[in-house]
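The structure under discussion appears below in the form of structure tokens.
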Amino acid sequence: MNRRVILKGRPQGIPLAEHFELDSAPLRALDDGQILVRNHYLSVDPAMRGWLSDAQSYGARIEVGDVMRAFAVGEIVESRNESFVPGERVMGLFGWQEYACVDPQSVLLRIDEHDFPISLSLGVLGLNGIAAYFGLMDACAPKAGETVVVSTAAGAVGSCVGQMARNLGCRVIGIAGGPEKCKLCIDEFGYDDVLDYKHEPDLASAIARACPDGVDVYFDNTAGPISDAVIRHISAGARIAICGTASISSWDPWPTGPRYERHLLVKRATVRGFIALDYVDRYPEAVARLGRWIKEGRLRYREEILEGIEQAPSAISRLYTGENQGKLLIRLPASRG
Ligand SMILES: NC(=O)c1ccc[n+]([C@@H]2O[C@H](COP(=O)([O-])OP(=O)(O)OC[C@H]3O[C@@H](n4cnc5c(N)ncnc54)[C@H](OP(=O)(O)O)[C@@H]3O)[C@@H](O)[C@H]2O)c1
């Protein structure tokens, strides 16, 4: 039997436990070309809110009655595809379930690197690290000496962006919520300075003080008031990567607020949205570089691991209260052998 988390009702806003139910279904036989993966860890991602929403997103909407779409890592236990062998470890879109019977296109990464815990392939060596890598390198191309500002600075993506920018010789300013996360940014992730958006009475002035020469690169994970404050202080030729929109609580009605077109015009700035899933062919390049930095002690990460699939339905909301301390994961019994 396969334990799974099923979408029970469509959330309007943040997905909560009440929108899901846990069920158990018999495993079906594999079709030709398919593989059976036993999941070890399930990922919890802000992207899930968009996947569940009626609003247009970059992927198909999850329907009521479907297994919740999710990234997961696990081990192949059966294969009817000659390119995959039992025992191989893979990361992909395997869903919130114990076993996934999938076509090879669901596999996003084959995990060759055995020096790291498998859970990292969902965080710093998975979609979070990969998003940080391509968003920073491709969309922003930072140069040594430039000032880089990162929102959700203590989070899975943000902490990775901050440290990569430091490794490239930039001056890095983080924006995070609360004193504990701000302390983590300085002590653990090596930011040059950090601003607490929850307690800073005038964030725009604080950014101006922290970035006296302007913001050359802004890695945006939140949109909303934080972006309004940062973009007022971009420098000429600034590059802005739109990675996420965590602060937007509702897409209907669409939020309104200060506009930043004039700043983009006057500063000849570039804004680029990107989706890490568009870079699948280049994942090995990102994972190799991120892995090297981890081994050299130049890239640290935090994980928060919840035990058991029962924890999944209530987990997404933790990302929107800011309760999560690093990459949020669900550990399944398979990870204990
Ligand atoms: N484009 C892509 O391909 C891609 C891939 C992966 C992730 N992402 C995006 O990257 C961002 C970070 O994802 P993650 O997985 O690393 O999550 P995370 O940063 O570990 O956790 C989410 C964080 O968002 C912050 N947050 C929540 N509500 C907020 C609000 N109203 N205003 C400001 N901050 C708020 C909280 O941090 P504080 O406690 O500091 O407020 C929370 O801890 C998300 O927007 C996600 O959608 C994009």
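All residue numbers in the sequence shown are consecutive under our numbering, ending with 339. The beta carbon of each residue, even a glycine, is placed where N, CA and C say it ideally should be.
Exercise. Can you round the beta-carbon distance between I318 and M50 to whole angstroms, since I take them to be within the 8 angstroms contact cut?
Worked result: Taking a contact as a CB-CB distance under 8 angstroms, the pair I318 and M50 counts as one, their CB atoms being some 5 angstroms apart.
Problem set entry | Paired residues, beta bridge with R173 - DSSP | R173 pairs with T149.
Exercise. Counting only runs that start and end within the stretch 181–233, where is the alpha helix (DSSP H) found for 4 or more residues in a row?
Worked result: DSSP runs (the alpha helix (DSSP H)) wholly in the stretch 181–233: 181–189, 205–212, 226–233.
Exercise. Mind checking H201: buried by the 16 CB within 10 Å criterion, or exposed?
Worked result: The residue in question, H201, is exposed, as its Cβ has fewer than 16 Cβ neighbours within 10 Å.
Exercise. In chain order, what residues of the same chain lie with their CB nearer than 7 angstroms to the CB of G275, ignoring the 5 residues before and after it?
Worked result: Only I244 meet the Cβ criterion.
Exercise. Any idea if I250 is buried or exposed, counting beta-carbon neighbours within 10 angstroms, 16 or more meaning buried?
Worked result: Result: exposed.
Exercise. Run through DSSP, which three-state label would N130 get?
Worked result: Shown here, N130 sits in a helix according to DSSP, grouped into three states.
Problem set entry | Residues near I8 in its chain [Cβ-Cβ closer than 8 angstroms; skip 5 each side] | Within its own chain, the residues whose Cβ lies closer than 8 angstroms to the Cβ of I8, once the five positions on either side in sequence are excluded, are F22, E23, L24, D25, G67, D68, V69, M70, listed in chain order.
Problem set entry | S319: first and last residue of the uninterrupted alpha helix (DSSP H) it sits in | Its alpha helix (DSSP H) spans residues 318–323.
Exercise. Using DSSP with H/G/I as helix, E/B as strand and the rest coil, what is Y262?
Worked result: DSSP places Y262 in coil when its eight states are reduced to three.
Problem set entry | First and last residue of the uninterrupted beta strand (DSSP E) at L110 | It spans 109–112 - the beta strand (DSSP E) in which L110 sits, taken as one unbroken run.
For this session: Would you list, in sequence order, the uninterrupted beta strand (DSSP E) runs of no fewer than 3 residues that lie entirely inside the stretch 243–296?
Result: Listed in chain order, they are 272–275.
Problem set entry | Whole-angstrom distance between G293 and L18, CA atom to CA atom | If you take the alpha carbons of L18 and G293, they lie about 34 angstroms apart.
Problem set entry | Three-pair Cβ contact test at 8 angstroms for the stretch 123–132 versus the stretch 315–334 | Between the stretch 123–132 and the stretch 315–334, the count of C-beta pairs closer than 8 angstroms reaches three or more; the two stretches touch.
Problem set entry | For T224 and S85, the rounded distance between their alpha carbons | In this structure, the alpha-carbon of S85 lies about 40 angstroms from that of T224.
Problem set entry | Same chain, Cβ closer than 7 angstroms to C184, five either side skipped, listed in chain order | Here the set comprises A178, V196, D198.
Exercise. Grouping DSSP H, G and I as helix and E and B as strand, with all else coil, what is F136?
Worked result: Three-state result, F136: helix.
Exercise. So what's L124 in DSSP terms, helix, strand or just coil?
Worked result: It is helical.
Problem set entry | Supposed close pair S229, D215 - CB separation, criterion 8 angstroms | 20 angstroms between Cβ atoms; not a contact.
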